[in-house]
Amino acid sequence: MSAPVIEFEGVTKAFGDREVLNGIDLVVEEHQAVALIGASGSGKSTLLRCADLLLDIDDGDIYLDGEVITDPAVSAVDVRRRLGFVFQAYNLFPHLNVIDNVTLGMRRAGGMSRAEAEDSARRMLARFGLEGRENESSSNLSGGQQQRVAIARAFAARPRAMLLDEVTSALDPELVGEVLRAVRDLKEEGVTMLIATHEMGFAREVADKVGFLHGGRLAEVGPPEQVLEDPQDPNTQKFLRRLLEAGRA
Amino acid sequence: MEANAAKADRRAERAAVRRRRDRRGVAIAALSTVVVIGGLTALVLTSSGWPAVRETFFNATVFKESFPDVAKAFWLDIRVFMIVEVAVLALGLIVALIRTSVSPAMFPVRLLAVVYADIFRGIPTILLVYLVGFGVPALANSTAEGSSSLSWLPTEPVVLGAIALTLSYGAYVSEVYRAGLRSVHPGQRDAALAVGLTERQAMRHVVIPQAVRNVGPPLLNDFISLQKDVALISIIGVTGEAFQVAQIQASSDFNYTPLLCAALLYMAVTIPLARMLDRWDRGRVR
């Protein structure tokens, strides 16, 4: 068994009176892809945002490479530089062109020179099928292309793990495939990933482990064939049955 | 075959109806313009006071005589405008950033910024020009008891006028910037932090550039109004300002045409700015 990269230990988070996460324990090991499934509002995004320290947790701890990162003394900036985050709505910087979106973090946070950063960004963009688009405004790109730029941006600094927050949910159906291909490509390279997703087929294919979030708890965690084909938890069964009825699984 | 012919007929008929409608539209617009503009012109030109107005406001000889002097004076307006504009952009941004800061250490500064914006937006610009123009020199004045500890304060009317305008417009522009900062989606800050930027870098490289972009048109609007308000500095004895020069010329021979010269010069700057603003707005919608 390889070493855990990200580890959640009793993570609890509430927004006002509404408890969103209630004692989450989850381990993401090196080279593993862990998929989080669950209904909208079940806390998938919140868990990812807590891991990137974009949200403060109320209780519990989160570890990155064995080091606790939810200690207030730990620099959030340093932690974020070791993780890559891809947002549901891409969140590209609209005032920057494609390549500057990728190089901003490398130059300002990573201290690279412009030439160095651009060289590396160009290779990263080419890898995700975006060669020749470097100088375009991001608003000229399709949703699928924008999300691939966002993946390139997050992966450019070679993070320890990628956090993917519903990266296909804002896309038109015909554009989902190209983004999933990009994620599959990361998986093949052995990138450690924590993926919140609605795409059950994709979770089944890519994930080494699937966690089902329900009512702020991880109702069920296990290999995809178990959680998705033969769920033990009644809530997981109900969730998957509903998806099946809607033709989404 | 017959069905196809009927279809073609209908297509031609539809095009003809559209053409007729377009032609009628143009004709109606032209006619109503002639009626409205012509009517207004006739109304003014036939009024009993028109000859006197033409003599005192639209006198060609006086215009030719006074225009060069007023135009030369207008150069001072332009310079004051440019300097004040740069100062306002900087002051407004600083005040807006202070007001949107969240750090507890900034609380007193934040309070001052709120008070500043409230007070200086609450005072009519003309009054502020008076207060600064006459108040500051009084503070700097040395009396019989000794020299003032504030004797370093500027006493030059043009500098004081520029300061008053900067204070007044800085307060307005800080609000415009603040709206701009709020208009940037929170996801942008998240994304900036996620790529490893610090809060300060996120502000500097991601939030502020977008905020400034978003408020371009309202900022330009404030500058059109600032350009006209430069004339206010004439009331504290700034010599050689366009409105003041025009006023002196007008009162020396009881002819107001020099004021018209000044008005035209102001418009020569503000109207192109307004068109630029329209263009900018249209570009953003597209």
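Residue numbers (the working numbering), protein chains in the order written: chain V, 6 to 254; chain R, 46 to 331. Glycine included, every Cβ here is placed at the ideal spot set by N, Cα and C.
By alpha-carbon distance to residue 35 of chain V, the top candidate from V:132, V:44, V:166, V:102 is V:166. Pairwise C-beta distances place the stretch 216–231 of chain V in contact with the stretch 32–51 of chain V, as three or more of them are shorter than 8 Å. Residues 122, 125, 126 of the same chain have their beta carbon placed closer than 6 Å to that of residue 275 of chain R, with the five preceding and five following residues left out of the count. Under the three-state reduction of DSSP, residue 23 of chain V is assigned to strand. Counted as a single uninterrupted DSSP element, the beta strand (DSSP E) harbouring residue 91 of chain V occupies residues 88–91.
For residue 102 of chain V, DSSP records a beta bridge to V:142. Residues of chain V whose Cβ lies closer than 9 Å to the Cβ of residue 326 of chain R do not exist; the shortest such Cβ separation is about 18 Å. Between residue 100 of chain V and residue 254 of chain R, the C-beta gap is smaller than 9 Å, which places the two residues in contact.
Within the DSSP secondary-structure output, residue 198 of chain V pairs in a beta bridge with V:38, V:167.
Boundaries of the alpha helix (DSSP H) around residue 59 of chain R: 47–90. Taking a C-beta cut-off of 7 Å against chain V, the contacting residues of the stretch 243–273 of chain R are 243, 246, 250, 251, 254, 255, 258, listed in chain order.
Within 9 Å of the CB of residue 148 of chain V, no CB atom of chain R is found; the nearest one sits about 15 Å away.
Within the stretch 68–98 of chain V, the residues whose Cβ lies closer than 7 Å to any Cβ of chain R are, in chain order, 82, 85, 86, 90, 92, 94, 96, 98. With a cutoff of 9 Å on beta-carbon distance, residue 131 of chain V and residue 161 of chain V are scored as not near each other.
Residue range 214–219 is occupied by the beta strand (DSSP E) that includes residue 217 of chain V. Taking 8 Å as the upper bound on Cβ-Cβ separation, chain R lies near residues 162 of the stretch 162–187 of chain V. About 6 Å separates the beta carbons of residue 202 of chain V and residue 40 of chain V, which is inside the 8 Å limit, making them a contact pair. The beta carbons of residue 146 of chain V and residue 91 of chain V sit about 15 Å from each other, so the pair does not count as a contact at 8 Å. In the DSSP assignment, residue 224 of chain V falls outside any alpha helix (DSSP H) and within the unbroken beta strand (DSSP E) covering 222–227.
For residue 222 of chain R, the enclosing alpha helix (DSSP H) begins and ends at 202–228.
Taking the CA atoms as reference points, residue 14 of chain V sits about 15 Å from residue 54 of chain V. Taking 9 Å as the CB threshold, residue 158 of chain V lines the interface with chain R. About 6 Å separates the beta carbon of residue 44 of chain V from that of residue 244 of chain V, a gap short enough to meet the 8 Å contact definition.
If you ignore the 5 residues before and after residue 61 of chain V, its C-beta comes within less than 6 Å of no other C-beta in its own chain. Looking at the backbone, the Cα of residue 8 of chain V and that of residue 28 of chain V are separated by about 22 Å.
In chain order, 235, 238, 239 make up the part of chain R whose C-beta sits under 8 Å from the C-beta of residue 59 of chain V. The way I'd put it, the stretch 205–225 of chain R does touch the stretch 159–178 of chain R; three or more beta-carbon pairs between them come closer than 8 Å. Burial is judged here by how many other beta carbons sit within 10 angstroms of a residue's own beta carbon; residue 104 of chain V has at least 16 and is buried. Listed in chain order, the non-local C-beta contacts of residue 101 of chain R below 6 Å within the same chain comprise 300, 301, local neighbours out to five positions each way being set aside. Under the three-state reduction of DSSP output, residue 135 of chain V falls in the coil class, being neither helix nor strand. DSSP, read as helix, strand or coil, puts residue 244 of chain V in helix.
In this structure, residue 143 of chain R sits near residue 157 of chain R, with a CB-CB distance shorter than 9 Å. Interface with chain V (9 Å Cβ-Cβ cutoff): residue 232 of chain R is included.
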